[in-house]
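First comes the structure, then the notes that go with it.
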Amino acid sequence: MNSISPKFEQGPIRPPNEARSLLLRITRNCPWNRCRFCPVYKRRKFSLRSVKEIKQDIQAARDAADRVKELSWKLGFSGQVNDAVISRILSSPEYSDSFRSVALWLYYGTGACFLQDADNLVMQTDDLVEVLSFLKSKFPEITRITTYSRSRTIIRKSVESLTRIREAGLDRVHVGLESGCDEVLKFMQKGVSASQHIEAGKRVVAAGMELSEYVMPGLGGQDLWRRHAEDTARVLNKINPHFIRLRSLRVPRRVPLYEDLVSGKFKMQSDDQLAREIKVFLENLEGITSTITSDHIMNLLPEVTGKLPDDKQKMLGVVQEYLELPEEKRLVYRVGRRGGAYESTRDLERDPATYAKIRQLIGEVTSERGPEGLEGFIAELVDRYV
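The opening residue of the sequence shown carries number 95 in the numbering used here; numbering runs sequentially from there.
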């Protein structure tokens, strides 16, 4: 089976926009792993992978890509990875998951590669440059390489080192900014300050790489929501990243923050409160040209997306349109969005049958569980995606 299906290591997560990227694991887990809201790497030990080991995985991925194309030729498709080829691979038990992932990457043809896990810039610069150079030599068809990193790690590298890494092939860095409020960052044990976020962001941009900053609406809870929104906007105004990606807070049972939620020390924002928080956040973004995206099912309003400054009023309009809905329609939209039926508040008017079904469901859940039980039901819907 190994001769047919080369295997290589892959990590547990990647950004939603990297769903069709080639995934290669460069480090394992997270070197910090103390953030109180993050469920991903808890109880998993961080480790660096050797350059030799990483190169072996890259070679295995290359071998897999070549085998996929050989199969295409054998099936009479001249190396093209089409529906027939991908169907054959996905339906056969002889191929490994990593082999299938390479086949899907060739099928989608994105040319993008995402390096896992949580903080690959923690590697020595020379080692990372060697890995990137080897990757580019083995996969000349790759057009973009991206990775996660932490602000605290980035500020330990000079702009010159970051430039070397960019020249070796790393095009974009995803950073979990989460908040620009020092009080929120400290409470959540993010391990970084607002000023460090700013310095790290500026270094990435100065090195010529694209920068994607993740912001977590709701992370300030009900007590610090306004400072969280305003300070986060202030930090981003000083960085001017290429992308700002919204990821609304969820608190599953397996994260440390859950204990504070149960005890009442931390109070989550309701959906309506969260919408007002996002409005304040958008209002305070000034003088930057970032693209805002809301590309995750955990976000209530996926239409909050656009290029600053031109689309700012449009995005504010999306929030205002939700806030101005009558209470029943807001509730129907929330359930429909969390259940995957709605992408826009305008969907409420487009499908009366779906609206009626959701309203009936709300009535049944409320009758059985009460109003608090309904909120719990909505939370269960969205927490499936955490």
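For glycine and all other residues, C-beta sits at the position ideal for the given N, C-alpha and C.
Inset, instruction - State the Cα-Cα distance for the pair Phe-471 and Ile-456, rounded to the nearest angstrom. - result: Annotation: Phe-471 to Ile-456 spans about 9 angstroms, alpha carbon to alpha carbon.
Legend entry - Closest Cα partner of Asp-404 within the set Ala-294, Ser-384 and Asp-389: Of Ala-294, Ser-384 and Asp-389, the smallest CA-CA separation from Asp-404 is found for Ser-384.
Legend entry - Residue range of the beta strand (DSSP E) that includes Tyr-135: Per DSSP, Tyr-135 lies in no beta strand (DSSP E) and is assigned neither H nor E.
Legend entry - Cβ contact check for the stretch 359 to 366 and the stretch 376 to 391: 3 or more pairs under 8 angstroms: Flag = no, the stretch 359 to 366 and the stretch 376 to 391 do not touch.
Legend entry - Coarse secondary structure for Arg-266, derived from DSSP in three states: Residue state, collapsed to three classes: strand.
Inset, instruction - Might you give, ordered along the chain, the residues of its own chain that have their beta carbon closer than 7 angstroms to the beta carbon of Ile-152, omitting 5 neighbours on each side? - result: Leu-118, Phe-228, Leu-229 and Lys-232.
Inset, instruction - Answer yes if the stretch 109 to 129 comes into contact with the stretch 320 to 327, meaning at least three C-beta pairs across the two stretches below 8 angstroms, and no otherwise. - result: By the Cβ test, the stretch 320 to 327 is not in contact with the stretch 109 to 129, since fewer than three Cβ pairs between them sit closer than 8 angstroms.
Inset, instruction - For Gly-434, collect the residues of the same chain with a Cβ closer than 8 angstroms to its Cβ; drop the 5 residues on either side in sequence, then sort them by chain order. - result: Closer than 8 angstroms at the Cβ level, and outside the excluded window around Gly-434, lie Ile-391.
Legend entry - Supposed close pair Arg-108, Gln-210 - CB separation, criterion 8 angstroms: Right, the Cβ-Cβ distance comes to about 6 angstroms (below 8 angstroms), so this counts as a contact.
Inset, instruction - Just tell me which of Val-429, Val-267, Asn-111 and Gln-104 has its CA closest to the CA of Glu-307. - result: Residue Val-267 is the option with its Cα nearest to Glu-307.
Legend entry - Start and end residues, beta strand (DSSP E) containing Ala-206: Per DSSP, Ala-206 belongs to the beta strand (DSSP E) from 206 to 210.
Inset, instruction - Kindly list the residues whose CB is nearer than 8 angstroms to the CB of Ile-498, restricted to its own chain and excluding five residues on each side of it in sequence; keep chain order. - result: The structure shown does not extend to residue 498, since the chain is modelled only from 95 to 480, so the question has no answer here.
Inset, instruction - Inspect the beta-carbon positions of Ile-249 and Gln-290 and report whether they are closer than 8 angstroms. - result: Yes, the Cβ-Cβ distance between Ile-249 and Gln-290 is below 8 angstroms.
Inset, instruction - Let me know if Pro-335 comes out buried or exposed under the rule of 16 or more other beta-carbons within 10 Å of its beta-carbon. - result: That one is buried.
Inset, instruction - Could you spell out where the beta strand (DSSP E) holding Tyr-308 opens and where it closes? - result: For Tyr-308, the uninterrupted beta strand (DSSP E) run begins and ends at 304 to 309, by DSSP.
Legend entry - Touching by the beta-carbon criterion (3+ pairs, under 8 angstroms), the stretch 290 to 306 and the stretch 255 to 264: In short, these stretches touch, since the Cβ pair count reaches three.
Legend entry - Unbroken stretches of the beta strand (DSSP E), 3 residues or longer, contained in the stretch 355 to 392: Whole beta strand (DSSP E) segments, 3+ residues: 385 to 387.
Inset, instruction - Identify whether Phe-171 lies in helix, strand or coil by the three-state DSSP scheme. - result: Three-state DSSP puts Phe-171 in coil, outside helix and strand.
Inset, instruction - Provide the residue(s) that pair with Glu-272 in DSSP beta bridges, ordered along the chain. - result: Assignment of beta-bridge partners to Glu-272 by DSSP yields Val-309.
Inset, instruction - Could you tell me whether the Cβ atoms of Val-278 and Leu-343 are closer together than 8 angstroms? - result: No.
Legend entry - Alpha carbon of Arg-431 to alpha carbon of Tyr-242, nearest angstrom: Distance between the alpha carbons of Arg-431 and Tyr-242: 28 angstroms.
Inset, instruction - Using three-state DSSP, classify Arg-478 as helix, strand or coil. - result: In the structure shown, Arg-478 sits in coil (DSSP, three-state: anything other than H, G, I, E or B).
Legend entry - Helix, strand or coil at Gly-314 [DSSP, three-state]: In this structure, Gly-314 counts as coil in the three-state DSSP scheme.
Inset, instruction - Just tell me which of Glu-443, Lys-251, Leu-226 and Asp-477 has its CA closest to the CA of Ile-120. - result: Ranking Glu-443, Lys-251, Leu-226 and Asp-477 by Cα distance to Ile-120 puts Leu-226 first.
Legend entry - Asp-265: CB within 7 angstroms of a non-hydrogen atom of the ligand FAD: Although the ligand FAD was asked about, the structure shown includes no ligands whatsoever.
Inset, instruction - Leaving out five residues on either side along the sequence, give the residues of the same chain with a beta carbon under 7 angstroms from the beta carbon of Leu-184. - result: Excluding sequence neighbours, Leu-184 sits near Arg-194.
Inset, instruction - Along the alpha helix (DSSP H) that carries Phe-228, what are the first and last residues, could you check? - result: For Phe-228, the enclosing alpha helix (DSSP H) starts and ends at 219 to 232.
Legend entry - Exposure label - Pro-100; buried when at least 16 CB within 10 Å: Buried: at least 16 other Cβ atoms inside 10 Å.
Legend entry - Residues that Ile-338 bridges to, as DSSP identifies them: In the DSSP secondary-structure assignment, Ile-338 is bridged to Glu-307 and Ile-386.
Inset, instruction - With a 10 Å radius around its C-beta and 16 neighbouring C-beta atoms as the bar for buried, classify Glu-112 as buried or exposed. - result: In summary, Glu-112 is buried, with 16 or more beta-carbon neighbours lying within 10 Å of its beta-carbon over all protein chains present.
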